Amino acid sequence: KQEVTQIPAALSVPEGENLVLNCSFTDSAIYNLQWFRQDPGKGLTSLLLIQSSQREQTSGRLNASLDKSSGRSTLYIAASQPGDSATYLCAVRQGYKAAGNKLTFGGGTRVLVKP
Amino acid sequence: NAGVTQTPKFQVLKTGQSMTLQCAQDMNHEYMSWYRQDPGMGLRLIHYSVGAGITDQGEVPNGYNVSRSTTEDFPLRLLSAAPSQTSVYFCASRSRVRGQGEKLFFGSGTQLSVL
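Here the protein sequences come in this chain order: A and B. As numbered in our numbering, residues 39 to 153 make up the first sequence, in order. As numbered in our numbering, residues 92 to 206 make up the second sequence, in order.
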């Protein structure tokens, strides 16, 4: 059974510092991995999606890397801003049709960027 | 572009009552799903659909029914509400186009309390 872990559960950084968020998964046979952002009381917003054949994906200040063999993904947020404060979740999808297209989510890392 | 719309945003039920959570998307996505989010348990898949007329169970389907009569709508029915169904419910959708088209779009959620 796939298990996804995000450590630490919470992180506080001063504005301007780079953020490094970690995601690890136990079964490396994944189809893709997504990083999401969730603001309090809101739904999830997909930030980046990395296919299993890719090593990284970039969008603006965000960069996500994927190392399937070691079961790890890292989300980098450059030059953090107070508006980046949110909970960040990663989720893996096992296969194109496997397990009902289910995403297995990590518990999230709650980020606070202090002005 | 509304994306994924969920109603209601908040609901309080008494044990044994039934209700329907509504979900509609305007992106012509084939795939729709329902998740529940609970503290310490993360997000878990309840039911999903890969197209109109096709539904299947996720990992926590007991006590819930779904139907998919149109591409746009995917309602979730609670048959006889129980306190264990107190949670935040999210509807999500995505296209079946491989690659970046597989990003998952979430609604803003329904906070349900069962007394």
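Note that CB positions come from ideal geometry on N, CA and C, so glycine has one too. Keep in mind the model is a prediction, meaning the values are calculated, not measured.
- Message: Please return the same chain residues whose Cβ sits closer than 6 Å to the Cβ of B:Ser204, not counting the five positions on each side in sequence.
- Response: Val103 and Thr177
Report task. Determine, using beta-carbon pairs with one atom in the stretch 109 to 121 of chain A and one in the stretch 142 to 152 of chain A, whether at least three such pairs fall under 8 Å. Result -> yes
What residues in its chain sit with their C-beta under 8 Å from that of A:Val51, if we drop five residues either side in the sequence? Leu57, Ser118, Val149, Leu150, Val151 and Lys152
Q) Rounded to the nearest angstrom, how far is the Cβ of B:Val151 from that of B:Arg135, given a contact under 8 Å? A) 5 Å
Who are the Cβ neighbours of B:Thr161 in its own chain at under 8 Å, not counting the five residues just before and after it? Ala143
Review point. Taking Cβ positions, are A:Leu141 and A:Ala129 nearer each other than 7 Å?
Key: yes
Margin query: Quick check: is the beta carbon of A:Leu59 nearer than 7 Å to any beta carbon in chain B?
Written below: no
Worksheet item: Which chain A residues sit within Cβ distance under 8 Å of B:Gly200?
Response: Gly79, Lys80 and Gly81
Is A:Ser111 close to chain B? Criterion is C-beta to C-beta, closer than 7 Å.
no
Determine the DSSP secondary structure at B:Glu193, reduced to helix, strand or coil. helix
Minimum Cβ-Cβ distance from A:Ser84 to chain B less than 7 Å = yes
query = Out of curiosity, what's the CA-to-CA distance linking B:Gly198 and A:Ser84?
reply = 12 Å
(request) Please look up how many angstroms separate the CB atoms of A:Ala102 and A:Ser111, rounded, as I've assumed it's under 8 Å. (result) 6 Å
If the cut-off is 7 Å on Cβ atoms, which residues from the stretch 89 to 114 of chain A count as contacting chain B, listed in chain order?
Gln89
* Asked: Would you say the stretch 54 to 70 of chain A touches the stretch 87 to 96 of chain A, given that touching needs at least three Cβ pairs under 8 Å?
  -> yes
query: Does the distance from the CB of A:Gly81 to the CB of B:Phe181 come in under 7 Å?
result: yes
Can you check which of these residues, B:Pro99, B:Trp125, B:Thr98 and B:Leu112, is closest to B:Ala183 by C-alpha distance? B:Trp125
Checklist line | beta strand (DSSP E) segment containing B:His138, residue limits | finding: Gly133 to Gly142
Q) Going by C-alpha distance, which of B:Ala173, B:Val179 and B:Leu112 is nearest B:Thr98? A) B:Leu112
field: Exposure of B:Thr201, with buried meaning 16 or more beta-carbon neighbours within 10 Å
entry: buried
Item checked: Neighbour flag for B:Phe197 against chain A, beta carbons, 7 Å -> yes
* In its own chain, which residues sit with a C-beta less than 7 Å from the C-beta of A:Arg93, not counting the 5 before and 5 after it? -> Ser103 and Leu104
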